[in-house]
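Q: Once you've had a glance at the structure underneath, I'll fire off some questions.
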Amino acid sequence: MVNLINIFTKYHVMLLNGAKITLIVSILTIFFGLILGTLMAFMKMSKIAPLRWLANVYVEFIRGTPVLVQISIVFYGLPMMGIDIPSIMMGGVDISRLVSGIVALTINSTAYICEIVRSGIQSIDKGQTEGALALGMTNTRTRFCIVLPQAMKNILPALGNEFITVIKTSSQVSVIGIAELMYAADTIRGISFQPMSPLILVALIYFIITFIFSLILKRVEKFMRRSSIKN
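The opening residue of the sequence shown carries number 1 in the numbering used here; numbering runs sequentially from there.
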């Protein structure tokens, strides 16, 4: 215990910066993943066969391959495709590596969020869609304005779980040199020659972050349940 306190006292700046990068990566991943996952869910439910086929192949491929492989493919593949992100250091972070990590995690998370959104939309009674269409609303407007807002109550718990998963999965981007929590732990292990203490500290920080967000999500879910009961 004393050793943990000493390590944290000496390297707390590095650990806190790592936690900040972890949160930035996770929040941006969920933000972009929710947008793309929603569009992918609509593609999967589309009446246009090529769109359904494309969405199905994407979801099955991404869910069937390791996230570490996806991160490596994006990091090394983007320059080969001619997409060169400037290697600019900002706040001690290489922007090109950060963008590559966020893109890779977003690609991964999109596949899972697609299924979450799709199941949430399909849980809404079809009468809602039929009623909106009968009033003259287009199919796209019906889905975005009528169905999706109602589906959010069903989507939120699973989406919250996905966010917690992304926070933990973000540790994988350390392999491409992003200075998040796991990268900080490995750096501290090399400097201090302490193999276990930095890992235990990082595990505790991950637990604190996920526990806090879990409590927040539970409060939000309770609030939404109460509001739906009142309505």
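No residue lacks a Cβ here, since even glycine has one placed at the ideal position from N, Cα and C.
1. Between which two residues does the alpha helix (DSSP H) containing F75 stretch?
2. Check the C-beta distance from A151 over to S123 and give it rounded, since I have them as a contact under 8 angstroms.
3. CA-CA distance, I95 and P79?
4. For V166, which option in L148, P195, Y112 and I191 has the closest C-alpha, if you only look at C-alpha atoms?
5. Quick check on Y11: buried or exposed, where buried means 16 or more other Cβ atoms within 10 Å of its Cβ?
6. Look up G177 in the DSSP assignment and say whether it is helix, strand or coil.
7. Taking K222 as the reference, which of N154, A134, E180 and R189 has the closest Cα?
8. Is it true that the CB of V59 sits closer than 8 angstroms to the CB of C114?
9. What is the DSSP secondary structure of I200, counted as helix, strand or coil?
10. Among I178, L148, V69 and I83, which has the Cα closest to the Cα of S119?
11. Grab the span of the alpha helix (DSSP H) containing P195 for me, first residue to last.
12. According to DSSP, simplified to helix, strand and coil, what is I48?
13. Leaving out five residues before and five after V164 in sequence, what residues of the same chain have Cβ atoms less than 6 angstroms from its Cβ?
14. At the level of alpha carbons, what is the spacing between E162 and P195?
15. If you draw a straight line from the alpha carbon of I208 to that of P50, how long is it in whole angstroms?
16. Taking the alpha carbon of T110 as the reference point, which residue from R219, G101 and A41 has its own alpha carbon closest?
17. With V147 as the anchor, note down where its alpha helix (DSSP H) starts and where it stops.
18. Let me know if P66 comes out buried or exposed under the rule of 16 or more other beta-carbons within 10 Å of its beta-carbon.
19. Any heavy atom of the ligand MN within a distance shorter than 7 angstroms of the CB on F213?
20. Determine the burial state of V57: buried for a count of at least 16 other Cβ atoms within 10 Å of its Cβ, exposed for fewer.
21. Among L39, L23, N17 and K44, which residue has its Cα nearest to the Cα of S170?
22. Please go through the same chain and pick out, in chain order, the residues whose beta-carbon is closer than 7 angstroms to the beta-carbon of G18, but skip the five residues on each side of it.
23. Measuring CB atoms only, is the segment 63-77 touching the segment 99-108, in the sense that at least three cross pairs come out at less than 8 angstroms?
24. Report the option in L4, V220 and I35 whose CA atom is closest to the CA atom of I107.
25. Classify K320 as buried or exposed, calling it buried when 16 or more other Cβ atoms lie within 10 Å of its own Cβ.
A: Once the coordinates are examined:
1. The continuous alpha helix (DSSP H) containing F75 extends over residues V67 to M80.
2. Contact flag correct, Cβ pair sits at about 7 angstroms.
3. Approximately 14 angstroms, taken between the alpha carbons.
4. When only C-alpha atoms are compared, the closest one is Y112.
5. Burial check for Y11: the Cβ neighbour count within 10 Å reaches 16 or more, so the residue is buried.
6. In this structure, G177 counts as coil in the three-state DSSP scheme.
7. Relative to the Cα of K222, the nearest Cα in the group N154, A134, E180 and R189 belongs to N154.
8. Yes; because the gap between Cβ atoms is below 8 angstroms, this pair is in contact.
9. Under the three-state reduction of DSSP, I200 is assigned to helix.
10. Comparing Cα positions, the closest option is L148.
11. Taken as a continuous stretch (DSSP letters only), P195 belongs to no alpha helix (DSSP H), as it is neither H nor E.
12. The answer is coil: DSSP assigns I48 none of H, G, I, E or B.
13. With the sequence shown as reference, residue 164 is identified as Ile, and Val is not the correct amino acid for it. A distance below 6 angstroms between beta-carbons, with the five flanking residues on each side excluded, links I164 to the following residues of its chain, in chain order: T210.
14. Approximately 30 angstroms, taken between the alpha carbons.
15. Note on geometry: alpha-carbon atoms of I208 and P50 lie some 44 angstroms from one another.
16. Ranking R219, G101 and A41 by Cα distance to T110 puts A41 first.
17. No alpha helix (DSSP H) contains V147, which DSSP labels as neither H nor E.
18. Flag for P66 reads exposed.
19. With respect to the ligand MN, the structure offers nothing, as it holds no ligand at all.
20. With fewer than 16 other Cβ atoms within 10 Å, it is exposed.
21. Per the Cα distances, L23.
22. Here the set comprises A179, E180, L181, Y183 and A184.
23. The answer is yes - the segment 99-108 touches the segment 63-77, with three or more Cβ pairs under 8 angstroms.
24. Ranking L4, V220 and I35 by CA distance to the CA of I107 puts I35 first.
25. Limits of the chain in this structure are 1 at one end and 231 at the other, which puts residue 320 out of reach.
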